[in-house]
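Since the structure comes first, as structure tokens, the remarks are kept for the end.
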Amino acid sequence: MAFQEVIKNLMDEKHLTQQALADALGINQTTVGQWLSGKKKPSYDSILLLYQIYQIEPNELFGIE
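For what it's worth, numbering that gives the first Met the number 0 labels the leading residue of the sequence shown as 0, then goes sequentially.
As structure tokens, this is what we get:
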């Protein structure tokens, strides 16, 4: 599963908007939109925050088993 799908699933599961996810990670909404469109990938810091805040493994984010 691509990271865009993982992020979309996470947002659906937690009932998050792009803005809410961006606020939780300390980034702007445009960055989250770029992740979802595949134009950009999360930074290392954002990956760590996703892991810590939402209990997702970094490897899960990128579909690595």
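We put the beta carbon where it would ideally sit given N, CA and C, even for glycine.
Remember, predicted model here, so these are calculated numbers, not experimental data.
If you draw a straight line from the alpha carbon of residue i to that of residue j, how long is it in whole angstroms?
| i | j | result |
| --- | --- | --- |
| Q28 | S36 | 12 Å |
| Q17 | G25 | 12 Å |
| D44 | L9 | 18 Å |
| G62 | A19 | 23 Å |
Should residue i go down as buried or exposed, given a rule of 16 or more other Cβ atoms within 10 Å for buried?
| i | result |
| --- | --- |
| I6 | buried |
| I52 | exposed |
| I46 | buried |
Which whole-angstrom value is the C-beta distance of residue i and residue j, which I expect to be below 8 Å?
| i | j | result |
| --- | --- | --- |
| P57 | Y50 | 6 Å |
Taking Cβ to Cβ, would you say residue i is nearer than 8 Å to residue j?
| i | j | result |
| --- | --- | --- |
| V31 | A21 | yes |
| F2 | L48 | no |
Since residue i is in the alpha helix (DSSP H), which residue starts that stretch and which ends it?
| i | result |
| --- | --- |
| L20 | 17-24 |
| F61 | Note, F61: premise wrong, no alpha helix (DSSP H); not H, not E. |
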